[in-house]
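Asker: Residue numbers (this note's numbering): 416 to 518.
(1) If you check the beta carbons only, do residue 498 and residue 505 fall under 7 Å apart?
(2) Throw me the rounded Cβ distance for the residue 467 and residue 486 pair, which I believe falls under 8 Å.
(3) Can you tell which of 434, 430, 425 and 416 has its C-alpha closest to the C-alpha of residue 512?
(4) Can you check whether the CB of residue 516 is closer than 7 Å to the CB of residue 448?
(5) Assuming residue 448 is part of the beta strand (DSSP E), what are its boundary residues?
(6) Taking C-alpha atoms, which residue in 417, 469, 441 and 488 lies nearest to residue 503?
(7) Between which two residues does the beta strand (DSSP E) holding residue 433 run?
(8) So if DSSP puts residue 496 in a beta bridge, which residue, or which two residues, is it bridged to?
(9) With distances taken Cα to Cα, identify the nearest neighbour of residue 462 among 438, 420, 500 and 482.
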């Protein structure tokens, strides 16, 4: 069985046992979290929500709080001597291990 959840404005396809990295949220490592915004479930009995499926939730455990990969932002302006800028950015992420899909 799988589910499509919405967390932090993004959508993730998850199954029990998967580990996903979502946008940072305050929760201690080892805490149980519940995702109530389930957009779709699939597998034995499929259900598509409008916009969310009623009575379905996804449970997970916070495994780590950290930072994501570094993104390089490079800007260069054509035909301007020495007009270039390089900056980097690393967003905070939360790693969650999906434990169950409660339908």
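C-beta atoms are modelled at their ideal positions from N, C-alpha and C, and glycine is treated no differently.
Bear in mind that the values here come from a model prediction, so they are computed numbers and not experimental data.
Answerer: Here's the rundown:
(1) As a first step, residue 498 is located in the chain shown; it is residue number 83 there, counting from the start. As a first step, residue 505 is located in the chain shown; it is residue number 90 there, counting from the start. No, the pair does not count as a contact, with Cβ atoms beyond the cut-off.
(2) Translated into the one-based positions of the chain shown, residue 467 becomes position 52. Translated into the one-based positions of the chain shown, residue 486 becomes position 71. Going by Cβ atoms, the distance from residue 467 to residue 486 rounds to 31 Å, so no, they are not a contact pair.
(3) Residue 512 sits at position 97 when you count from the first residue of the chain shown. Distance from the Cα of residue 512 is smallest, within the candidate group 434, 430, 425 and 416, for 434.
(4) Along the chain shown, one-based indexing puts residue 448 at 33. Along the chain shown, one-based indexing puts residue 516 at 101. Contact: no.
(5) Walking along the chain shown from the start, residue 448 turns up at place 33. Element bounds for residue 448: 447-450.
(6) Position 88 of the chain shown, counting from 1, holds the residue named residue 503. If we check each option's Cα against that of residue 503, 488 comes out closest.
(7) Position 18 of the chain shown, counted from the first residue, corresponds to residue 433. Premise fails: residue 433 is in no beta strand (DSSP E) and is neither H nor E.
(8) As a first step, residue 496 must be located in the chain shown, where it is residue number 81. According to DSSP, which records beta bridges pairwise, residue 496 is partnered with nothing at all.
(9) In the chain shown, counting from the first residue as 1, residue 462 sits at position 47. Measuring from the Cα of residue 462, the nearest candidate turns out to be 420.
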